[in-house]
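Have a look at the structure below, then the notes.
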Amino acid sequence: MPKTSAYAAHAAKSPLAPFSFDRRDPREFDVVIDIKFCGICHSDIHQARDEWGGSVFPMVPGHEIAGVVSTVGSKVTKFRAGDAVGVGCFVDSCRTCPECQAGIEQYCATRPVFTYNSQEKDGTPTMGGYSERVVVDENYVLRIPANLPLDASAPLLCAGITLYSPLRHWNAGPGPGQRKHVAIIGLGGLGHMGVKLAHAMGAEVTVLSQSTKKQADARRLGADRFFAMSEPETFTGLARSFDLIINTVSAELDWNAYLGMLKIDGAMVVVGIPDKPIPVGAFPLVGGRRSLAGSMIGGIRETQEMLDFCGEHNITSDVETIAIQQVNEAYERILRSDVRYRFVIDMATLKSA
Ligand code: NAP
Ligand code: ZN
Ligand code: ZN
0 MPKTSAYAAH AAKSPLAPFS FDRRDPREFD VVIDIKFCGI CHSDIHQARD
50 EWGGSVFPMV PGHEIAGVVS TVGSKVTKFR AGDAVGVGCF VDSCRTCPEC
100 QAGIEQYCAT RPVFTYNSQE KDGTPTMGGY SERVVVDENY VLRIPANLPL
150 DASAPLLCAG ITLYSPLRHW NAGPGPGQRK HVAIIGLGGL GHMGVKLAHA
200 MGAEVTVLSQ STKKQADARR LGADRFFAMS EPETFTGLAR SFDLIINTVS
250 AELDWNAYLG MLKIDGAMVV VGIPDKPIPV GAFPLVGGRR SLAGSMIGGI
300 RETQEMLDFC GEHNITSDVE TIAIQQVNEA YERILRSDVR YRFVIDMATL
350 KSA
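In structure tokens, the structure reads:
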């Protein structure tokens, strides 16, 4: 395999810069993918800047990978050259624990092999999608529906599944026994996918954003209601309003105030990952038989289900496509919530790096 060009963070405080490294030659069950586009997830920034601790450098981030199969190993049956495919947050898992057997490999008992900032089973550091190609076992590769463009599909591989999975698990929708009133906190990469998906599932969707700036966008994306949380009376006005709240924000929030917006038996699901513990009082929980839960991406089977759902409903991400040379500037803009709604790197621009 020729050297693979990429962009990498070399240390927690350094900007990303050109880098090249070796990918393994394809094994029997491997798929070699020419990466066409890679989304920029806020988790890339958390890890490239070592905000969660334990980051390993050099790090090639990127786990919203969309590309085309170039070659396959001799025993691959699921894919062939020319297929449009995706790779999400993990590229392997133990395959034997109860979670892997149940198709929820993201919760693998020995942790999945994450797409970057992790190690293959043989100890090789994994390198992510800000690169020209990736080699992945066929069981961890997803099929992108033919009617969806690759650039706007890339963010489905993390942002899409991270919202689809809890919306399904907590049963969002209009039917009897379903959670009809759904609120999404934070209209960013994850949040805007949550609005589109919950709307397509038939839920009544409310966006809780910091300011009124994104109000018109929220409606266009499918939200029924929008509130700016900068207005304190919003919290009292929305007491006991929602069956399900999904929180995509990683900044500090008044968690107890948000819990108060849940109806009796409502659930608040944490998907945004702050680097500090979450301060929650017992009263907002016990005083409404409410649940506070978390959710991480989704398994391979459910990720394929999500992609097929997106294909049927023509759902993709709203993207701003950039050259790889703009990645550091894009990180700063994400931190200012100045992206509508996901940056996607055009990997063809690596050639001019
Ligand atoms: P993002 O695009 O930056 O969106 C985050 C949104 O949070 C912003 O657009 C903004 O929305 C809101 N926000 C930002 N700063 C805020 C503040 N100080 N107070 C209140 N709200 C604020 O990020 P993302 O890619 O969607 O990722 C969000 C989080 O989810 C990150 O922590 C990421 O690591 C995590 N994540 C988790 C999983 C998982 O499996 N659980 C998967 C992927 C990512 P408004 O402008 O509307 O307020
Ligand atoms: Zn992500
Ligand atoms: Zn496992």
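No gaps in the numbering here: position 162 of the sequence shown is 161 in numbering that gives the first Met the number 0, and each next residue is one more. All residues carry an ideal CB built from backbone N, CA and C; glycine is no exception.
Report yes or no: do the stretch 47-59 and the stretch 165-176 share at least 3 C-beta pairs separated by less than 8 Å? No, because fewer than three Cβ pairs between the stretch 47-59 and the stretch 165-176 fall closer than 8 Å, the two stretches do not touch.
Anyone know if the C-beta pair for V140 and F78 falls short of 8 Å? Cβ atoms of V140 and F78: closer than 8 Å.
According to DSSP, is V59 part of a helix, a strand, or is it coil? Residue state, collapsed to three classes: coil.
Using the beta-carbon count (16 or more within 10 Å), is K195 buried or exposed? Buried.
Between the stretch 104-121 and the stretch 318-328, do three or more beta carbon pairs fall short of 8 Å? Touching, no.
Can you tell me the Cα-Cα spacing of P17 and D216, whole angstroms? P17 and D216 have their C-alpha atoms some 35 Å from each other.
Sorry if obvious, but does the Cβ on T247 come closer than 7 Å to a heavy atom of ligand 1? Answer for T247: yes, Cβ within range of ligand 1.
Within the present structure, is the beta-carbon of C40 separated from the nearest heavy atom of ligand 2 by less than 7 Å? For C40, the Cβ falls inside the 7 Å cut-off from some heavy atom of ligand 2.
Going by DSSP in three states, H180 sits in which element: helix, strand or coil? Reduced to three states, the DSSP call for H180 is strand.
Hey, V112 and I32 are a contact pair by Cβ (cut 8 Å); roughly how many whole angstroms apart? At roughly 16 Å, the Cβ-Cβ gap does not stay under 8 Å, so V112 and I32 are not in contact.
For the alpha helix (DSSP H) holding P165, just list the boundary residues, first then last. Counting along the chain, the alpha helix (DSSP H) containing P165 begins and ends at A158 to H168.
Could you tell me whether any non-hydrogen atom of ligand 4 is closer than 7 Å to the CB of A322? Among the ligands modelled here, namely ligand 1, ligand 2 and ligand 3, ligand 4 does not occur.
To the nearest angstrom, how far is it from the Cα of D49 to the Cα of E328? Going from the Cα of D49 to the Cα of E328 covers about 18 Å.
Could you name the residues of the same chain whose beta carbon sits closer than 7 Å to that of D307, not counting the 5 residues immediately before and after it, in chain order? Within the same chain, D307 has close Cβ partners P144.
Can you pull the DSSP bridge partners for A322? According to DSSP, which records beta bridges pairwise, A322 is partnered with D345.
So the candidates are D136, A7, G102 and S208; which of them puts its Cα closest to the Cα of E27? Residue nearest to E27 within the set D136, A7, G102 and S208 is D136 (criterion: CA-CA distance).
At 3 residues or longer, and completely inside the stretch 66-97: list those beta strand (DSSP E) runs for me, N to C. Taking 3 residues as the shortest admissible run, the stretch 66-97 contains the following complete beta strand (DSSP E) segments, listed from N- to C-terminal end: 83-86 and 89-91.
Identify the residues that DSSP records as bridge partners of T3: which are they? In the DSSP output, where bridge partners are listed per residue, T3 has F20.
Smallest Cα separation from T211: which of M200, F225 and V318? The closest CA to that of T211, considering only M200, F225 and V318, is found on F225.
How many whole angstroms separate the CB atoms of G72 and P25, which I take to be in contact at a CB cut-off of 8 Å? The pair is a contact, with the Cβ atoms about 5 Å apart (cut-off 8 Å).
Which residue marks the beginning of the alpha helix (DSSP H) containing N138, and which one marks its end? Where N138 is concerned, there is no enclosing alpha helix (DSSP H), given that its DSSP letter is neither H nor E.
What whole-angstrom Cβ distance do D29 and M0 have, given they're in contact under 8 Å? About 11 Å; that fails the 8 Å criterion.
Compute the Euclidean distance between the alpha carbons of G66 and G271, then round it to the nearest angstrom. C-alpha separation (whole angstroms): 27 Å.
Cα-Cα, which of Q100, V248, V84 and I160 is closest to R335? Of the candidates Q100, V248, V84 and I160, the one whose C-alpha sits nearest the C-alpha of R335 is V248.
Endpoints, the beta strand (DSSP E) within which L261 is located: L261 to V269 is the span of the beta strand (DSSP E), which, as asked, contains L261.
Shortest alpha-carbon distance to P276 belongs to which of W254, I245 and S290? For the set W254, I245 and S290, the Cα lying nearest the Cα of P276 is the one of W254.
Among D223, M305, H62 and A158, the one whose alpha carbon lies nearest that of H198: Measuring from the Cα of H198, the nearest candidate turns out to be D223.
Own chain, CB closer than 6 Å to V268, minus 5 neighbours either side, in chain order: For V268, the CB contacts under 6 Å within the same chain, skipping 5 residues up- and downstream, are P165, I245, A292 and S294 in chain order.
Give a yes or no on whether the C-beta atoms belonging to Q209 and S229 are separated by under 8 Å. With respect to the 8 Å criterion, Q209 and S229 are classified as neighbours on the basis of their beta carbons.
May I ask you to report which of helix, strand or coil DSSP gives P278? DSSP, reduced to helix, strand and coil, places P278 outside both helices and strands of the structure shown, so it counts as coil.
How many Å lie between A347 and H45 at the Cα? A straight-line Cα-Cα distance of about 25 Å links A347 and H45.
Measure the CB-CB distance between N146 and G310 and report whether it falls below 8 Å. Cβ distance < 8 Å, so N146 and G310 count as in contact.
Cutting at 6 Å between CB atoms, please list the residues of its own chain near G297, excluding the five before and the five after it. If the five residues before and after G297 are omitted, its C-beta is found closer than 6 Å to the C-beta atoms of I160 and S164, all from its own chain and listed in chain order.
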